[in-house]
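The sequence shown begins at 60 in my numbering and counts up one residue at a time.
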Amino acid sequence: MKKQLITTFSLLSVLTFGQVGINTVTPNSKAGLHVSERINPASASPDKLNGLLVQRYTTSERDQINPGSTENGLTIYNKQTNCYNVWNWNTSLSTGAWAQFCGEKEGSVIFTDCNTIKVVGVYNIDEPVTNQNVHIDIPVRVTALGSYNYSTTVNGVNFVAQGTFTTIGQQTVSLYPYSVSGTPATGTYNATITSIGDSGVTCNVPVNFISRTTSVLKIVNITGTNYSTGLISGCGSYSSGNAAGKTGTWLTSPQAQAIAGVASIQIKCVSPTNIADLSDELKTASIVYLNGRTSAESNSGTIAVLNDWYKAGKGIVIDQGDELSETQFAQGLGFYIEAGATSTISITASVLPHVLVSPDGYTLPAVTPATIATQGANAAYVTSTNGVIFGASSDGKRRYLYADITNNPGIGNDRGAFIFGDKSGANTDTNTSDLWKNIFAWAIHNAPIH
């Protein structure tokens, strides 16, 4: 009898102070109840594929439980809302309420046409993944709100898009480089994107991988004959002694090549009225520079082609002109010009420190001047709703030099425009040449390669 009593008390001790295990003989010491997916914890596979079911009620059935303070933490599954409900008791207020834990449901989309997917930019293998601006845009029609998670790996680079659809209708999902799982090589590789929407469409999308150090940076010089502002001979009116001509010469120098981080810099001359030629050259252009032009040296087609290139974020535009009739291209980009008068232009370098004071990744080729003179008898005032004024009259009332540019990390990741309300490319003074050199230095360093 004494032996039986000792056995009974020992068993009660295990039940009172031990852990309860279901489908395991070694329950976790931190768990009061441990439901295991495998009896043998060393096994690589679960014994069964199942889960834990708790009581499932409608909202009205749940409310009939009528829990109080002692039921704090009581959990049920609400089959009306498809959410877990947990009873929370507020001791200080002596009241309780049900809290819902639904998780985030997956959104639903409709997508059927692989041809609508666009790859914006190129991947520069010389730069870390955090400095890349290339992305894959997928237009979808959202039919149910919720989370989304798309991913693809191409050439050792993982592209990911994660987020939540918060509105119904047409939207764009953008996959950005997230991590690198291999060593990317140069070339064009297909990104395979699967399971887009309920249709299960699979798309192969070409992504370009380049090495900037072995690439050619192309500047398209849209020509003109209004003053000598061409970068090189053959690009409209040209003079090697003017600011534009001096800049063109500098662009062929080892210093410019090193700042750009490319194998070479190419300048292509294109007529301001030749739509086909401009469209072809812009496909691989990084920078577009425009000469001073007469009112006849443009047309609606070339203006539209440049505008499309600019709005698509393909690169950097540098334009000049001192009258409304000469600045049709700038107006197409959203900059407006009104006739002005000759003046001294005060340069405010501090509003563009990454361009004119202390650029990232290279040393300024010249000292930014405090002032430059306007060219000839006229100058124009520039107006835009975006960007900053970095050159104005001494009283600050008249805006001559405008910049609307991005400032992204890394090399080759920026877009935008510099607008000169003056044909200052025809100036012969050192100050203007130095300012132009610094602006072009930023442009060649930060313009993308295509």
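Yeah, the Cβ is synthetic: ideal placement off N, Cα and C, and Gly gets one too.
Only a predicted model underlies this, so the values are computations on that prediction, with no experimental measurement involved.
Query raised in the report: In whole angstroms, what is the alpha-carbon distance linking G132 and S233?
Result: Using only the alpha carbons, I get a separation of about 41 Å.
Report task. Pair every Cβ in the segment 170-184 with every Cβ in the segment 250-262, then say whether three or more of these pairs are closer than 8 Å. Result -> In short, these stretches touch, since the Cβ pair count reaches three.
Query raised in the report: What is the DSSP secondary structure of L341, counted as helix, strand or coil?
Result: Three-state result, L341: helix.
**Report entry** Own chain partners of N510 with C-beta closer than 8 Å, once the 5 adjacent residues on each side are dropped
**Finding:** Residue 510 falls outside the range modelled here, since the chain spans only 60 to 509, and no answer is possible.
Query raised in the report: Grouping DSSP H, G and I as helix and E and B as strand, with all else coil, what is K327?
Result: Correct three-state label for K327: strand.
Query - Nonlocal neighbours in the same chain, by C-beta distance under 6 Å from N350, ignoring five residues either side - result: T282, G283, T288, G289, G295.
Query raised in the report: Cα separation between L460 and I404?
Result: Cα-Cα distance, rounded: 8 Å.
Report task. Could you pull out every residue in the same chain whose Cβ sits closer than 8 Å to the Cβ of I325, ignoring the five residues on either side in sequence? Result -> A small fix is needed here, since residue 325 is Gln in this sequence, not Ile. Counting only Cβ-Cβ distances below 8 Å, and skipping sequence neighbours, we find V275, L276, K277, I278.
Requested in this report: Measure the alpha-carbon distance for K61 versus A101 and round it to whole angstroms.
Outcome: Summary for K61: the model assigns pLDDT 45, below 50, so the residue's position carries little reliability, and this model does not support an answer.
Requested in this report: Can you grab the Cα-Cα spacing for the pair A438 / D481, in whole Å?
Outcome: Cα-Cα distance, rounded: 5 Å.
Query - Extent of the continuous alpha helix (DSSP H) run through V364 - result: From DSSP, the alpha helix (DSSP H) with V364 extends over 359-370.
Query raised in the report: In three-state terms, what does DSSP make of V188?
Result: Residue state, collapsed to three classes: helix.
Query raised in the report: Assuming D196 contacts T253 under a Cβ cut-off of 8 Å, what Cβ separation, rounded to an integer in Å, is found between them?
Result: So it is not a contact: roughly 17 Å between Cβ atoms.
Query raised in the report: Along the chain, which unbroken stretches of the beta strand (DSSP E) at least 3 residues long are found entirely within the segment 365-436?
Result: You should have 375-379, 395-398, 403-406, 430-432.
Query raised in the report: Secondary structure at L494, three-state DSSP: helix, strand or coil?
Result: Helix, per DSSP.
Query raised in the report: Which residues bound the beta strand (DSSP E) around A439?
Result: Its beta strand (DSSP E) spans residues 439-442.
Requested in this report: Could you say which of A322, R352, T308, D367 lies nearest to L337 if we only look at CA atoms?
Outcome: Out of A322, R352, T308, D367, D367 has the C-alpha closest to the C-alpha of L337.
Requested in this report: Apply the 10 Å Cβ neighbour rule to E340 and answer buried if 16 or more other Cβ atoms are within range, or exposed otherwise.
Outcome: E340 is buried by the Cβ-count criterion.
Query raised in the report: Does any heavy atom of the ligand MG sit closer than 7 Å to the C-beta of I346?
Result: With respect to the ligand MG, the structure offers nothing, as it holds no ligand at all.
Query raised in the report: Going by C-alpha distance, which of P313, A203, N280, A220 is nearest V376?
Result: Comparing Cα-Cα distances from V376 to each of P313, A203, N280, A220, the minimum goes to N280.
Query raised in the report: Would you say V188 and S270 are within 8 Å of each other, going by their C-beta atoms?
Result: Cβ atoms of V188 and S270: not closer than 8 Å.
Query raised in the report: Of the choices A400, E165, A250, R474, whose alpha-carbon is the least far from that of A462?
Result: The closest CA to that of A462, considering only A400, E165, A250, R474, is found on R474.
Query raised in the report: Between the segment 355-370 and the segment 303-317, are three or more C-beta pairs nearer than 8 Å?
Result: Contact fails: fewer than three Cβ-Cβ distances are below 8 Å.
Report task. Return the CA-CA distance between D419 and I227, expressed in angstroms with no decimal places. Result -> Approximately 42 Å, taken between the alpha carbons.
Query raised in the report: By DSSP, does S91 sit in helix, in strand, or in coil?
Result: For the sequence presented, residue 91 should be read as Gly rather than Ser. Coil at G91, not helix or strand.
Requested in this report: Starting from H254, trace the beta strand (DSSP E) both ways and give me its first and last residue.
Outcome: According to the sequence as given, residue 254 is Ser; it is not His. It spans 246-255 - the beta strand (DSSP E) in which S254 sits, taken as one unbroken run.
Requested in this report: Let me know the secondary structure DSSP gives K164 once reduced to three states.
Outcome: Secondary structure of K164 (DSSP, three-state): coil.
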